[in-house]
Amino acid sequence: QKEVEQDPGPLSVPEGAIVSLNCTYSNSAFQYFMWYRQYSRKGPELLMYTYSSGNKEDGRFTAQVDKSSKYISLFIRDSQPSDSATYLCAMSRGGSYIPTFGRGTSLIVHP
Amino acid sequence: DARVTQTPRDKVTEMGQEVTMRCQPILGHNTVFWYRQTMMQGLELLAYFRNRAPLDDSGMPKDRFSAEMPDATLATLKIQPSEPRDSAVYFCASGLGGGIGEAFFGQGTRLTVV
Chain A
-16 QKEVEQDPGP
-6 LSVPEGAIVS
4 LNCTYSNSAF
14 QYFMWYRQYS
24 RKGPELLMYT
34 YSSGNKEDGR
44 FTAQVDKSSK
54 YISLFIRDSQ
64 PSDSATYLCA
74 MSRGGSYIPT
84 FGRGTSLIVH
94 P
Chain B
971 DARVTQTPRD
981 KVTEMGQEVT
991 MRCQPILGHN
1001 TVFWYRQTMM
1011 QGLELLAYFR
1021 NRAPLDDSGM
1031 PKDRFSAEMP
1041 DATLATLKIQ
1051 PSEPRDSAVY
1061 FCASGLGGGI
1071 GEAFFGQGTR
1081 LTVV
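Protein chains in written order, with our numbering: chain A, -16 to 94; chain B, 971 to 1084.
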């Protein structure tokens, strides 16, 4: 079993929908939780991150971490066709800064 | 505009041939990663360097893969001999080695071994 599990999708939603992307993990030592976005034929880019538990909001994006359940989420409000991409969660341990990635979820937002 | 540069973007080669992928990390970054991405496995860490020293290459098949950093501006990943199962997108990423551990990725090398 992988340390970080993520459903690969694809997830197809209409424009304007609220999107929920999720990851589960097994290693309780993870302290930094990140979301990367990867467009087709491009490398992943950091979208946002949180430290430990809680929520963080950035425009239409909200990242949520529940360490007690080992579960993280990314919510996208008012989704746009330009949000169509693969979203990868990543996590790292304090003191060891090597991110461990999920497989990524392919999101398609259709007009 | 600081970015990680990878060459080549695409490579098609015959089974048994040597493949060399190159990466120029962002100036000032002291950590370099090599990842392989496939549909089935997602992003897998192959190796990483800190201050040009290899710290972990446990993700690489040792008999055919090798990774080096001849200097701070160049990282290489070699496969010899290549096999069809090596077909994947190979990403180089660099980082500052601290904080959250953010990795800045290059565009990737799409390798096809026939």
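All residues carry an ideal CB built from backbone N, CA and C; glycine is no exception.
Chain order gives the chain A residues near isoleucine 1070 of chain B as Tyr15, Met17, Tyr32 and Ser75, where near means a beta carbon separation below 7 Å. Measuring C-alpha to C-alpha distances from glycine 87 of chain A to each of B:Thr1046, B:Thr1008 and B:Tyr1018 identifies B:Thr1008 as the nearest. The CB of glutamine 994 of chain B never comes closer than 7 Å to any CB in chain A; the least such distance is about 14 Å. DSSP lists A:Ser(-5) as the beta-bridge partner residues of isoleucine 91 of chain A.
CA-CA distance, serine 75 of chain A to proline 1040 of chain B, rounds to 28 Å. With a 10 Å radius around the Cβ and a threshold of 16 neighbouring Cβ atoms, valine 982 of chain B comes out exposed. Leucine 1013 of chain B is not a Cβ neighbour of methionine 1030 of chain B, given a cutoff of 7 Å.
In chain B, no part has a C-beta under 7 Å from the C-beta of leucine 57 of chain A; the shortest such distance is about 16 Å. CA-CA distance, methionine 17 of chain A to glutamine 47 of chain A, rounds to 10 Å. In this structure, the alpha-carbon of tyrosine 34 of chain A lies about 12 Å from that of isoleucine 55 of chain A. If the five residues before and after asparagine 10 of chain A are omitted, its C-beta is found closer than 6 Å to the C-beta atoms of Glu(-14), all from its own chain and listed in chain order. Residues of chain B whose Cβ lies closer than 7 Å to the Cβ of phenylalanine 84 of chain A are, in chain order, Gly1012 and Leu1013.
Think of a sphere of 7 Å around the beta carbon of lysine 25 of chain A: the chain B residues whose beta carbon falls inside it are Gln1077, in chain order. Counting along the chain, serine 65 of chain A sits inside no beta strand (DSSP E), nor does DSSP assign it H or E at all. Close CB contacts of leucine -6 of chain A within its chain, under the 8 Å cut and outside five residues either way in sequence, are with Val2, Leu4, Thr88, Ser89, Leu90 and Ile91 (chain order).
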